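Q:
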DNA sequence: CTCATTGTAGAGCGATCGCTCAATAAGTTG
DNA sequence: CAACTTATTGAGCGATCGCTCTACAATGAG
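Protein chains in written order, with this note's numbering: chain B, 2 to 212; chain Z, 2 to 212.
(1) Mapping DSSP to helix, strand and coil, what is residue 108 of chain Z?
(2) If we ignore side chains and look at the alpha-carbon of each, how far apart do residue 79 of chain Z and residue 93 of chain Z end up?
(3) For the region 23-83 of chain Z, list the alpha helix (DSSP H) runs that are entirely contained and at least 4 residues long, ordered along the chain.
(4) Terminal residues of the continuous alpha helix (DSSP H) containing residue 214 of chain B?
(5) Just to check my reading of the structure: residue 151 of chain Z and residue 157 of chain Z have Cβ atoms closer than 8 Å, yes? What is that Cβ distance to the nearest angstrom?
(6) Under 8 Å Cβ to Cβ from residue 186 of chain B, same chain only, skipping five residues before and after it: list those, please.
(7) Between B:167, B:132, B:51 and B:147, which lies nearest to residue 63 of chain B when the distance is taken from Cα to Cα?
(8) Are there three or more Cβ pairs, one per stretch, closer than 8 Å when the region 28-36 of chain B is compared with the region 114-126 of chain B?
(9) Could you spell out the range, first to last residue, of the alpha helix (DSSP H) harbouring residue 90 of chain B?
(10) How many Å lie between residue 206 of chain Z and residue 108 of chain Z at the Cα?
(11) Run down chain B in chain order and give the residues with a C-beta less than 7 Å from the C-beta of residue 65 of chain Z.
(12) Quick one: is residue 203 of chain Z near chain B, going by C-beta distance under 8 Å?
(13) Could you round the C-beta distance between residue 179 of chain B and residue 180 of chain Z to whole angstroms and report it? I think they count as a contact, below 8 Å.
(14) Can you name the residues of chain Z whose CB is closer than 8 Å to the CB of residue 39 of chain B?
(15) Considering only residues of the same chain and omitting the five flanking positions on each side of residue 171 of chain Z, which have a CB-CB separation below 8 Å?
(16) Just to confirm my understanding: we take residue 11 of chain Z, look at its own chain, exclude 5 residues before and 5 after, and list those with CB closer than 8 Å. What are they?
(17) How many Å lie between residue 13 of chain B and residue 100 of chain Z at the Cα?
(18) When burial is assigned at 16 or more other CB atoms within 10 Å of the CB, is residue 125 of chain Z buried or exposed?
(19) Find the nearest neighbour of residue 44 of chain Z within the set Z:85, Z:202, Z:198 and Z:15, judged by alpha-carbon distance.
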């Protein structure tokens, strides 16, 4: 047992992960529908038959791309910050500043794949739009949870509204992704991140945020 | 002179404005590329030949739709608020709250057409994406100008950064449009608008905003 | 009336879309 | 070696894309 099992039949002639990365870049840059099978096979260096054998149809390839993206450094920074930072304030401040640095980074397409890859979609691909929307709304729930516990722990004042705050950060992050796609650079986005954090509640008395 | 000129030839059998409105709804809901000529002609109640005679090709139809949108109540509220409100603070507060009410309004597709109609686009339609991006960036400049004069007039403290503030409001508005498309309702967006206005600078001393 | 002008209707153009399939190649197994 | 299994190749499927063209209808001008 535990035997890996010798691979049978003709071995693959391409690197599956590398091909997936190329597909990710295309979907990330152009979005789901605007990326054609022709462009995909060319970028991945394979023929349609190989693509369908290795990844299934375009839909499932895209979903696998999204999962790979979520596991990548660019896609995972939000969850990591929420896990590592001791306070909600520090977590969201870090998230916004990392987004400001990552979204316009020229080493990959601008903005967040999850936010922008399926905003315009035909009826027959509505499933893909719903798939990404659910992902975004799930992320919103994670924000909500973190802020609710922050309130229970006393970091947030009782008068604060965790749900509105979660929506606010989701809005700022999605807006920053859009602005990065419109050409905003890291410096501009960092200034925006600072502005956005100024809305953190309970700054009234002494402006001493739970640092 | 001044003669309107009697229309020659066979008169049009459809209402051009009504047809344009139908095209707007489709582009607004699905985006530029995801809306097909087939859907357009069906929704507008005309045949392809009539569409091309009256509006030119798909590109120019879309551009005319965008101009009509900008003149509509849904598309023009930002400019109106900037013109009517005496202070920048009141203008942006009004803009955010109107966006919160308008973007999720069920009487039309969610969000802002200018923001979401061409985020994913193939290479051959890149011109359309650039067209909308330029529109968004022009709007950002309007924000910047308004905030710069607010600073010159003393409404904004000297330490404030009008450029960052303009980018911040652009981010919040674009994010609110996205959230509306993801299903956020007017109540939720209004709470977010309140949160966002709390970032307005120079709230330090007495929290008395220039109301 | 005839003529010129404009609009409509419907068929269908070439190109591209996502995708499939038969033939062949390249491995392991016995 | 032959048998089996899987991958690659390249042609090409039906459907849809944006768009055009021809035949005909409806108006005003003369």
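For glycine and all other residues, C-beta sits at the position ideal for the given N, C-alpha and C. This one's a predicted model, so the numbers in the text were calculated from it and none came from an experiment.
A: Concretely, from the data shown:
(1) Looking at residue 108 of chain Z - three-state DSSP - the assignment turns out to be coil, as it is neither helix nor strand.
(2) Going from the Cα of residue 79 of chain Z to the Cα of residue 93 of chain Z covers about 8 Å.
(3) Taking only runs of at least 4 residues, the alpha helix (DSSP H) segments lying wholly in the region 23-83 of chain Z are 38-45, 49-56 and 59-72.
(4) In the structure as shown, chain B starts at 2 and stops at 212, and residue 214 of chain B therefore has no counterpart that could be examined.
(5) Residue 151 of chain Z to residue 157 of chain Z, Cβ: 5 Å. Contact.
(6) So the list reads 105, once near-sequence residues are dropped.
(7) Closest option to residue 63 of chain B, Cα to Cα, is B:132.
(8) Counting Cβ pairs under 8 Å, three or more are found: they touch.
(9) It spans 89-103 - the alpha helix (DSSP H) in which residue 90 of chain B sits, taken as one unbroken run.
(10) Only weak support exists for where residue 206 of chain Z lies, its pLDDT of 49 falling under 50; the value from the coordinates is given anyway. Taking the straight line joining both Cα atoms gives about 43 Å.
(11) Below the 7 Å Cβ cutoff, chain B contributes no neighbours of residue 65 of chain Z, its closest Cβ being approximately 19 Å away.
(12) No, its Cβ sits nowhere closer than 8 Å to a Cβ of chain B.
(13) In fact, because the Cβ distance is near 12 Å, the residues do not count as touching under 8 Å.
(14) In chain order: nothing, as chain Z lies at least about 11 Å away.
(15) Correct list, in chain order: 137, 140, 141 and 144.
(16) No residues qualify anywhere along the chain.
(17) Computed Cα separation, rounded: 52 Å.
(18) Around the beta-carbon of residue 125 of chain Z, fewer than 16 other beta-carbon atoms lie within 10 Å, marking it exposed.
(19) Nearest C-alpha to residue 44 of chain Z: Z:15.
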